[in-house]
Amino acid sequence: MADFLTPQNEDFSKWYNEIVQKADLADYSPVRGCMVIKPYGYTLWERIRDELDRRFKATGHVNAYFPLFIPMSFLEKEAEHVEGFSPELAVVTHGGGEELAEPLVVRPTSETIIGYMYAKWVQSYRDLPLLINQWANVVRWELRTRLFLRTTEFLWQEGHTAHATQAEAFEETLRMLSVYTDFAVNEAAIPVLPGRKSESEKFAGAVTSYTIEAMMKDGKALQSATSHFLGQNFAKAFDIKFLDENNAQQFAWTTSWGLSTRMVGAVVMTHGDDQGLVLPPRLAPVQVVIVPIWRKDEERATVLEAARALRQCLQDVCRVHLDDRDTFSAGWKFNDWEMRGVPLRLELGPRDVANGTVMAARRDQPGREGKTLLSLVDLETTVPVLLATIQQAIYQKALAFRDSHIHDVRSYDELKEVVETGFARAWWAGSREDEARIKEETKATIRCIPLDQPGGSGTCVFTGREASEVAIFGRAY
RNA sequence: CGGGGCGUAGCGCAGUUUGGUUAGCGCGCACGGUUUGGGUCCGUGAGGCCGUCGGUUCAAAUCCGACCGCCCCGACCA
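Just add 201 to wherever you are in the first sequence, counting from 1, and you've got my numbering.
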C-alpha cells in the first residue's frame, strides 16, 4: 500500500529519515548537523515538555534560565568534565568585531556555570536544597548527526540540584530517574529499563550516572534520559560551600538530570510502522481527526454541519481536528493522517449522519480490524475511553516486543548472537577494558546495570569470575 | 576523520559512459472540469545559472581539477 515510505524491515534507517520529514516533524537546516523542528514536531515536543514540567513542579523544582555562553575557564575547573566535552565544543572567539579576551563556550551542558552561581547563592544549610531546572538549547559538535537522535544543537531540560547531604543528593538522583521512567511509560508508552551506567558510559564529571534505556523497533537501544549523582565533584570545583548546623564548612552534594528532543526520536522508533507514525494519545498533537465524506454538494453541507457539531462535542474532552479541506479525497486524508500518527480517526459520511453513527478507525490497528461503528450519542465519554485503550494497547505492544527481544545469556557466544537483534542480559564482573573489547568485537555496549536485579550471584559472561550483578548489553544509537 | 554513494524544477529521478538543436519524466503546484466510504481522472499552464569556481573545446549537465554540501557505513556522543 504505502509505497510512500520505505518499509521498516527493508531499511529501518531510511524509514526513520523519511517519516521524520514526511510527517512534518523536522527538516534539514542549511547548517550542517542542525535541524528545523516544524510545527507538528514542535507541538509533540511541547507535549513532552509540559508533561515533564508538571512532574518537576510536583517534586518541588522551579525553573530558571542560565546563559548560553560559558567562559572557557569554567569548563576546565573539573578535570573529567573538560576531558569529556572538549572535543565537541563550539567556541566563540570574536564579539562585536573584536577578539575576546577569553573565549566563550556555547554550553554543551550547564553544570559549570550553574555551579558558579550556586557557589554565590549557597551560604547556609538553610539555603539547601536548591532545586532548579532549565529548559534550554545546547550545542555539541557531533561528527555524525541524525534528526532528533543526535543533532549539533538540541533542546532539552537540565535539572541541577544541590543538597546538604550525600544521602539526600543520592535520593534526588533516583527520584528524578523514576520521574523519567514514569513519563516514558505513562505518557510516551515506551517501556524502559532504569539502571546504572557502567564506568565507561557515565557522564563526564559524575560519580554515578543513571539512565533509562529503551528498545527501538530495530532492536537497538536508545538512552532516553539520564540522571547523575555528581557527589562533591562540582561543589569542590566551584566552591559550593555552606555552614551546617554545627557552624562547620561543608561542600554541597549535587545532581543533574536531563531529557532531550531525542525523546521524539524514541517515540517515532518505538511505535511507528510502515504506514507512518503511531503516536501515543497522551502526547499526540492531534488525538482525534474527523474526516467528513460526501459525494454531492447537498451532502457536503449536511455532513460538514454534522462534522462541526461533532468537533464541538469533542473539543472539551480531547485534542480534535476537523479536516474540512475539499482539495483532497477522503481516502487521501486517511493515509495522510495515518502517516502523521493520529491515534483515532472518525469518518463521518452521509450514511452516518442519517443513522446517527460515526466510523472510528484506530491507528494502532491498521485496516478493517481497527474500525468500529460508534453511536454519536455519548461520544464525549466513549472517545476518551477509546484513547486510553489505545494508549494502553501501544504500550503493551511495545512491551511485548521488547521483552521478546531481551534474552538471558550465559556465554559470550550467545551474547554476540543476541545483540544482533536485541538486548542480552548477563552476569557481569568485568573491567572497563573488558567492556571496550566487547564493544570492539560485537559493537554492543553495556546499556545499563538495571536497578531491578535478580539477586544472588552468577558467573560473569566475559571473565568467568563470580559476579553479583547482571548487565544489559545492546547496540545503541 | 577514514570508506562508499549522491548533488539536474518544491520533491523523486532520467540524461553524463560515447560533448552537438529549445534539458526531459513522474509527483507536487496554479486554473478549468470530473470525482470523493482507503492516496480519482482528464485537459491547460507556471516553474531550471544542471552544487560552486576554474580549465579543455568551435561547442560542456556531459570531459579534467579544486572546493562546498548532503546521505549511508565505521571511530566519538544525549
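In this text, a Cβ means the ideal position worked out from N, Cα and C, and glycines have one as well. Quantities reported herein were computed from a predicted structural model and do not represent experimental measurements.
- Per DSSP, reduced to three states, the secondary structure at V518 is coil, with no helix or strand assignment.
- As the crow flies, the alpha-carbon of E400 is around 31 angstroms from that of Y596.
- In the structure shown, R676 falls within a coil segment according to DSSP collapsed to helix, strand and coil.
- The shortest CA-to-CA distance from R308 to any of A280, V323 and P272 is the one to P272.
- Where I314 is concerned, there is no enclosing beta strand (DSSP E), although the alpha helix (DSSP H) around it starts and stops at E312 to W322.
- Nearest to W538 by alpha-carbon distance, out of M470, Q476 and L484, is Q476.
- Annotation for V465: the continuous alpha helix (DSSP H) segment containing it runs R463 to H472.
- Comparing alpha-carbon positions, the option among T353, D553, G432 and E548 lying closest to R563 turns out to be E548.
- The Cβ atoms of G261 and E359 lie no closer than 9 angstroms to each other.
- With 16 or more other CB atoms across the displayed protein chains lying within 10 angstroms of its CB, D474 is buried.
- Here DSSP, grouped into helix, strand and coil, assigns G285 to helix.
- Distance from the Cα of V489 is smallest, within the candidate group T503, C519 and Q513, for C519.
- When secondary structure is reduced to three states using DSSP, V662 falls in the coil class, being assigned neither helix nor strand.
- Of the residues assessed, Q450 falls on the exposed side of the cut-off, its CB having fewer than 16 other CB atoms within 10 angstroms.
- Nearest Cα to L577 within the set R248, Y319 and T558: T558.
- Pairwise C-beta distances place the segment 623-633 in contact with the segment 413-425, as three or more of them are shorter than 8 angstroms.
- Inside the segment 206-256, DSSP marks whole beta strand (DSSP E) runs of 3 or more residues at positions 227-229 and 236-238, from first to last along the chain.
- The segment 423-438 makes no contact with the segment 289-302: fewer than 3 CB pairs, one atom from each, lie closer than 8 angstroms.
- As computed with DSSP, M273 is found in no beta bridge at all.
- Just so you know, the alpha carbons of P481 and L245 end up roughly 10 angstroms apart.
- The segment 494-504 and the segment 564-572 do not touch, with fewer than three beta-carbon pairs separated by less than 8 angstroms.
- Straight-line measurement puts the Cα of D251 at about 30 angstroms from the Cα of A436.
- About 11 angstroms separates the beta carbon of V237 from that of D225, a gap too long to meet the 8 angstroms contact definition.
- If you look at R569, you'll find it isn't in any alpha helix (DSSP H); DSSP assigns it neither H nor E.
- Per DSSP, A385 is not a residue of any beta strand (DSSP E); the alpha helix (DSSP H) it occupies stretches across Q367 to N387.
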